[in-house]
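Enquirer: Shown below is the structure under consideration.
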Amino acid sequence: MRVRSATAADIPAIMELERQSRAAAHWSAEQYERMFEATPPSLPHFVGLVIEDESGIQGFLVGQAHADESELQSIAVRAAGHRRGFGSQLLTEFLEQAREGGAKSVHLEVRESNQAARAFYEKWLFQESGRRKDYYTGPVEDAVLYCRRLS
């Protein structure tokens, strides 16, 4: 297993992972293409990571850095890779990049009903920091906001 920066060549595999994951952000291929292009200095810094083995990409993570804070926007791992540490490896690399980039905190949001994701983030010392009422559709439900301080 290795974690590396995502490239435009990874978009088809990322899109396939999104289709398999209810919790992923579900962006279009065009949105990913724009993210993978060089980001102008006036826009937040994009972070795209994939974890792969000899059979291909097993998971991905997308985030952004905004001055002294970072945001984890999407993370997904193939069902066969659940509970095998792939998500933890992706998150470890993202947190390290955030820390190195000067972030003092990392923020994220998750569906209230996604107990597996919530337990994962809480294991990684993220703390609930708020809610967005009726944020998600299909079905309508609250987003639970989490924050982790980096020191």
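Under numbering that gives the first Met the number 0, the residues of the sequence shown are numbered 0 to 150, in order.
For every residue, glycine included, the Cβ atom is placed at its ideal position computed from N, Cα and C.
#1: What separation, rounded to the nearest whole angstrom, lies between the Cα atoms of residue 131 and residue 118?
#2: Is the Cβ-Cβ distance between residue 111 and residue 67 less than 8 Å?
#3: Tell me which residue opens and which closes the alpha helix (DSSP H) that residue 77 is part of.
#4: How is residue 115 classed by DSSP in three states: helix, strand or coil?
#5: Below 6 Å CB to CB, which residues in the same chain sit around residue 29 once its five sequence neighbours on both sides are set aside?
#6: Starting from residue 64, trace the beta strand (DSSP E) in both directions and tell me its first and last residue.
#7: Between the C-alpha atoms of residue 79 and residue 95, what's the straight-line distance to the nearest angstrom?
Expert: In this structure, then:
#1: Along the sequence shown, read from residue 1 onward, the residue named residue 131 stands at position 132. Along the sequence shown, read from residue 1 onward, the residue named residue 118 stands at position 119. Their Cα atoms are separated by approximately 19 Å.
#2: Taking the sequence shown and counting its residues from 1, one reaches residue 111 at position 112. Taking the sequence shown and counting its residues from 1, one reaches residue 67 at position 68. The answer is no: Cβ separation not under 8 Å.
#3: As a working mapping, residue 77 is identified with position 78 in the sequence shown. It is not in any alpha helix (DSSP H) - residue 77 carries neither H nor E in the DSSP assignment.
#4: Numbered from 1 along the sequence shown, position 116 holds the residue referred to as residue 115. Helix at residue 115.
#5: Position 30 of the sequence shown, counted from the start, is the residue given in the question as residue 29. There are no such residues.
#6: In the sequence shown, the residue the question calls residue 64 occupies position 65. That run of the beta strand (DSSP E) goes 55 to 65.
#7: For the purposes of this step, residue 79 is identified with residue 80 of the sequence shown, where counting begins at 1. For the purposes of this step, residue 95 is identified with residue 96 of the sequence shown, where counting begins at 1. Whole-angstrom Cα-Cα distance: 26 Å.
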